[in-house]
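Before any comments, here is the structure.
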Amino acid sequence: MRYAFSQEWTERARQVAQELGFAHIVSGRVYCILSQGSKTKRTIARIHGLPKALQVGAGLSPLYVIELVSEKFLRQSPEDRLRTLIHELMHVPHNFGGGFRHHKHYVSHRQVEEMYQQYVAHRQPA
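Residue numbering for the sequence shown follows full-length UniProt numbering, starting at 1 and increasing by one per position.
Right, here's the structure in full:
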């Protein structure tokens, strides 16, 4: 697998988090990378957090990296790319500590769609 930092998608993820009011997300500590060569059948994106042991051991602050599987993600429509970013951002817990929120109760198709609609409505000219 190959990984490449994506300034474009990092900026977009940070913008989406801000516009959706995800105040718990520390904007400068969320990054996006594009991966290439994944053998995954279904995964479009995944989020990685810096584990607490590494934070403490290396004296680092929590951070999150959203991996966008380029073979899948870049084939999506612009709307579905946005939904994917929202989905991954919803996995970040309110303590922004390096852990994750699970799908059950926190990240569902319905909840992602509600956030997507909220984002789209916010972007519509008045």
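Positions of the beta carbon are idealized from the N, C-alpha and C atoms, including for glycine.
Alpha-carbon spacing of residue i relative to residue j, whole angstroms
i           : j          : result
residue 50  : residue 25 : 14 Å
residue 32  : residue 6  : 6 Å
residue 10  : residue 83 : 15 Å
residue 111 : residue 14 : 19 Å
residue 116 : residue 97 : 25 Å
Bridge-paired residues (DSSP) for residue i
i          : result
residue 49 : 64
Residue burial classification, residue i (beta-carbon count within 10 angstroms, cutoff 16)
i          : result
residue 62 : buried
residue 88 : buried
residue 35 : buried
residue 17 : buried
residue 56 : exposed
residue 1  : exposed
C-beta atoms of residue i and residue j nearer than 9 Å
i           : j           : result
residue 67  : residue 47  : yes
residue 121 : residue 85  : no
residue 64  : residue 30  : yes
residue 94  : residue 107 : no
residue 52  : residue 99  : yes
residue 71  : residue 38  : yes
Residue-level contact to chain B via CB, residue i, 9 Å cutoff
i          : result
residue 22 : Included in the structure is just one protein chain, with no chain B present.
Exercise for the section: Identify every run of the alpha helix (DSSP H) within the UniProt domain "Putative phage metallopeptidase" (6-104), keeping only runs that are complete inside it and at least 4 residues long; order them along the chain. Expected result: 7-19, 52-58, 70-73, 78-89
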